[in-house]
Amino acid sequence: MNFALAEIAAAFPCRIIGALSQDALAGVSTDTRRVQPGELFVALRGDVYDGHEFVLAALAKGAVALLVDHHYVEQQEQLPRGTFIIVDDTLKAYQQLARFYRNKLSPTVVALTGSAGKTTCKEFIHAVLSEKYSVHRNARSFNNHVGVPATLLELTPQHQILVTELGTSHFGEIANLSFLVQPDVCLLLNIGYAHLEFLNDLDGVARAKMEIFAHAAADNIAIYNADDALLSRQIFPSAEKMTFAIKAPADVRAGDIRCDERACYAFTVRNAPFQLAIPGRHNVYNALAAIAVGLQFKVPLARMAAAIARVTAVEHRMTVLHRRDVTIIDDAYNANPGSCAVALETLADFQIGAGGRRIAVIGDMLELGDCSQREHEKLAAVAQQNNVDALFLYGDASAATAERAKQLPFLYVGHFKGQSDLAAELAGFLSRGDVVLVKGSRAMHMENVVHALMDGEK
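For what it's worth, numbering that gives the first Met the number 0 labels the leading residue of the sequence shown as 0, then goes sequentially.
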């Protein structure tokens, strides 16, 4: 990385014990399992692990310096031999270091947020912009107070553009992330029922997402979904606005929308044809958002189409697997009412042969607060509307879905308190031609059901 240890003192207030090298750091790490020689190790305190417990391991692996807090130093009779950078709060210092490094390299920053689709959209944007530029993006779903700084600190002088997701579950979080990345392009995908336990209602979700503009560039460009009623009502503090949509008039609008037997969509934008390799109509919106970004950076439509066609599903996000003669749609990464609805719509889009059935395996949708029972009850009707034949439900909150579903004409409704019981029952229920959707909130670990099904094939 283009950063020397000696520059640390300019990034945040600190006390230093030991020598600060003028040589470039090999990198910055918060995980001793991945520390490389020549890196700075940052000891973060978390709910499960405390990085200060791994200081000796970091030194043994060749860390050239350690960022620690005063509490650690006060607890040591004698510090291990090495260079220590001592601060009040290592997380805050880590974030300040990341912002300092972002400003040193000064890439153009595209930041995106929304209640669903961020990671897939990020992959589309990265593919589109990489047709013309050197682009860095956040890994997986590294979109929080730790993941965003990690992404910034992975930048190199060769990177012209950074594409990063900004996630949230509480007010103020996106504002803080905006302070770190200082976006030039602010992309808003959608506003949905997510994290209502902390954000109260849809207006609260919208308010939290609009924090993306808190520290955006003065001449920032806003790109947003014109089909989203809440987004369309927002006042954007931007020098330029650009919209994308399927239904509403928009700067980037999909036409001639078609779906194949695998639930993958094709469409046109300004007469240019696009084909998605990832299932789901909702991914048309993610692609349109990426096309809008590409147009801002003057990437030709034909090159965008080629790039988007190459993008495949990120793990546990509309990943299509096959178990003997059964198709499994692994969308287990996360769930809220909106993302469950579009996942069920995608299940309905899959063509099934004679004797095949549509089966939804759904774990609890968490962090819905007072809306939880209502939203879980509504899910039963959404499943019925999308021609689901059987429901396998897991978790305490999903009991409300099961109770409501049993009043509807499903072929099968099962509610389980254990995943192993669910997986065993499901494996015995499956028959040739079935299509199975697996989905649930992150903490429900519904990917375990997918693994059980796939392992059962061996």
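Glycine included, C-beta positions come from ideal geometry on N, C-alpha and C.
Local conformation of TYR93 per DSSP, three classes: As a position in the sequence shown, residue 93 is number 94, starting the count at 1. Correct three-state label for TYR93: helix.
- With a CB to CB cut of under 6 angstroms and the five nearest residues on each side skipped, what residues in its chain are close to ALA422? On the sequence shown, position 423 is the one that residue 422 refers to. Same-chain partners within the cutoff: VAL448 and ALA451.
Item checked: Secondary structure, alpha helix (DSSP H): runs of 4+ residues fully inside the region 287 to 348 -> 300 to 309 and 336 to 348
Exercise for review: At 3 residues or longer, and completely inside the region 224 to 284: list those beta strand (DSSP E) runs for me, N to C.
Suggested key: 239 to 244, 254 to 258, 263 to 268 and 271 to 278
key: Cut-off 8 angstroms between Cβ atoms - residues of its own chain near HIS169, not counting five sequence neighbours on either side   = For the purposes of this step, residue 169 is taken as residue 170 along the sequence shown, with counting starting at 1. Result list for HIS169: HIS194, PHE197, LEU198 and ALA207, in chain order.
### Query
Which of the three DSSP states, helix, strand or coil, is assigned to GLY203?
Locating residue 203 in the sequence shown gives position 204, counting from the first residue. Helix, per DSSP.
**Message:** Considering only the alpha carbon of each residue, which of ILE7, ASN270, ARG356 and ARG257 lies closest to VAL283?
**Reply:** To locate residue 283, count along the sequence shown from 1; it is residue 284. Closest by alpha carbon: ARG257.
| request: Determine the direct distance from the alpha carbon of GLN35 to that of VAL27, and round the result to whole angstroms. | output: On the sequence shown, position 28 is the one that residue 27 refers to. On the sequence shown, position 36 is the one that residue 35 refers to. Cα-Cα distance, rounded: 9 angstroms.
GLY17 and THR82 closer than 8 angstroms at C-beta:
On the sequence shown, residue 17 is found 18 positions in, with the first residue counted as 1. On the sequence shown, residue 82 is found 83 positions in, with the first residue counted as 1. Yes. Within cutoff.
- [ ] Return the chain-ordered ranges of every alpha helix (DSSP H) run that is complete within the region 356 to 432 and spans a minimum of 4 residues.
- [x] 371 to 384, 398 to 404 and 418 to 428
* What are the start and end residues of each continuous alpha helix (DSSP H) run of 4 or more residues lying completely inside the region 29 to 116, in chain order? -> 54 to 59, 69 to 74 and 89 to 104
query: Which class does ALA451 belong to by DSSP, given the choice of helix, strand or coil?
result: Here residue 451 refers to the residue found at position 452 of the sequence shown. Looking at ALA451 - three-state DSSP - the assignment turns out to be helix.
**Report entry** Segments assigned beta strand (DSSP E), at least 3 residues, entirely inside the region 106 to 192
**Finding:** 107 to 112, 134 to 136, 160 to 164 and 184 to 187
Can the beta-carbon of GLY45 be found less than 8 angstroms from the beta-carbon of GLY61?
Here residue 45 refers to the residue found at position 46 of the sequence shown. Here residue 61 refers to the residue found at position 62 of the sequence shown. Going by C-beta atoms, GLY45 is not nearer than 8 angstroms to GLY61.
Checklist line | Same chain only: Cβ atoms within 6 angstroms of VAL325, ignoring 5 sequence neighbours per side | finding: Translated into the one-based positions of the sequence shown, residue 325 becomes position 326. Answer for VAL325: LEU429 and ASP433, listed in chain order.
Could you tell me which residues DSSP pairs with GLY26 in its beta bridges?
Stepping through the sequence shown from its first residue, residue 26 is reached at position 27. In DSSP, GLY26 forms a bridge with GLU38.
query = Ends of the beta strand (DSSP E) at LEU436?
reply = Stepping through the sequence shown from its first residue, residue 436 is reached at position 437. That run of the beta strand (DSSP E) goes 434 to 438.
(message) Does the contact criterion of 3 or more C-beta pairs under 8 angstroms hold for the region 273 to 290 versus the region 104 to 123?
(response) yes
Would you give the residue range spanned by the alpha helix (DSSP H) that ILE7 belongs to?
For the purposes of this step, residue 7 is identified with residue 8 of the sequence shown, where counting begins at 1. Segment 7 to 10, the alpha helix (DSSP H) holding ILE7.
Open item on the list: Between the alpha carbons of LYS457 and GLY293, how many angstroms are there, rounded?
Closed with: Counted from its first residue, the sequence shown places residue 457 at position 458. Counted from its first residue, the sequence shown places residue 293 at position 294. Summary for LYS457: the model assigns pLDDT 46, below 50, so the residue's position carries little reliability, and this model does not support an answer.
Problem - CA nearest to the CA of ASP388, picked from SER440, HIS125 and ALA404 - result: Sequence index remark: in the sequence shown, residue 388 carries index 389 (1-based). Of the listed residues, the one whose Cα sits closest to ASP388 is ALA404.
Length of the line joining the Cα atoms of CYS263 and ARG316: Along the sequence shown, one-based indexing puts residue 263 at 264. Along the sequence shown, one-based indexing puts residue 316 at 317. When rounded, the distance between both Cα atoms is 14 angstroms.
Can you name the residues that DSSP bridges to ARG14? The count along the sequence shown starts at 1 and reaches residue 14 at position 15. Per DSSP, ILE85.
| said: So for ALA442, helix, strand or coil by DSSP? | reply: Stepping through the sequence shown from its first residue, residue 442 is reached at position 443. Three-state DSSP puts ALA442 in a helix.
(message) Using the three-state DSSP reduction, which class does ILE351 fall into: helix, strand or coil?
(response) Here the question's residue 351 lines up with position 352 in the sequence shown. Three-state DSSP puts ILE351 in coil, outside helix and strand.
### Query
Is it true that the CB of THR150 sits closer than 8 angstroms to the CB of GLY141?
The residue you call residue 141 lines up with position 142 of the sequence shown. The residue you call residue 150 lines up with position 151 of the sequence shown. Checking the sequence shown, residue 141 turns out to be Phe, not Gly. Result yes, Cβ atoms of PHE141 and THR150 sit closer than 8 angstroms.
Query - One or two residues paired with ALA3 in a DSSP bridge - result: The residue given as residue 3 occupies position 4 in the sequence shown. Looking at the DSSP assignment, ALA3 forms a beta bridge with ALA23.
- Query: Can you give the beta carbon distance from SER114 to GLY203, rounded, assuming they're within the 8 angstroms contact cut?
  - Reply: Your numbering for residue 114 matches position 115 in the sequence shown. Your numbering for residue 203 matches position 204 in the sequence shown. Not quite, the Cβ-Cβ distance comes to about 12 angstroms (not below 8 angstroms), so this is no contact.
Classify ALA511: buried if its beta carbon has 16 or more other beta carbons within 10 angstroms, exposed otherwise. The chain is shown only over 0 to 457; residue 511 falls outside these bounds and no answer can be derived.
task = Give the straight-line distance between the Cα atoms of PRO336 and LEU201, rounded to the nearest whole angstrom.
result = Residue mapping note: residue 336 aligns to position 337 of the sequence shown, counting from 1. Residue mapping note: residue 201 aligns to position 202 of the sequence shown, counting from 1. So the two alpha carbons sit approximately 12 angstroms from each other.
| message | Check for me: the alpha helix (DSSP H) holding GLU196 runs from which residue to which? | response | What you label residue 196 is simply residue 197 of the sequence shown in a count that begins at 1. Run containing GLU196: 195 to 198, per the alpha helix (DSSP H) assignment.
Using C-beta distances below 7 angstroms, list every residue in its chain close to VAL412, excluding the 5 sequence neighbours before and after it, in chain order.
Here the question's residue 412 lines up with position 413 in the sequence shown. Cβ neighbours of VAL412 beyond the five flanking positions: LEU390, ALA401, ALA404 and LYS405.
I'd like the list of long-range same chain contacts for THR107, defined as Cβ closer than 7 angstroms, with 5 residues on each side in sequence excluded. One-based indexing of the sequence shown puts residue 107 at position 108. Counting only Cβ-Cβ distances below 7 angstroms, and skipping sequence neighbours, we find GLN159, ILE160 and ASP183.
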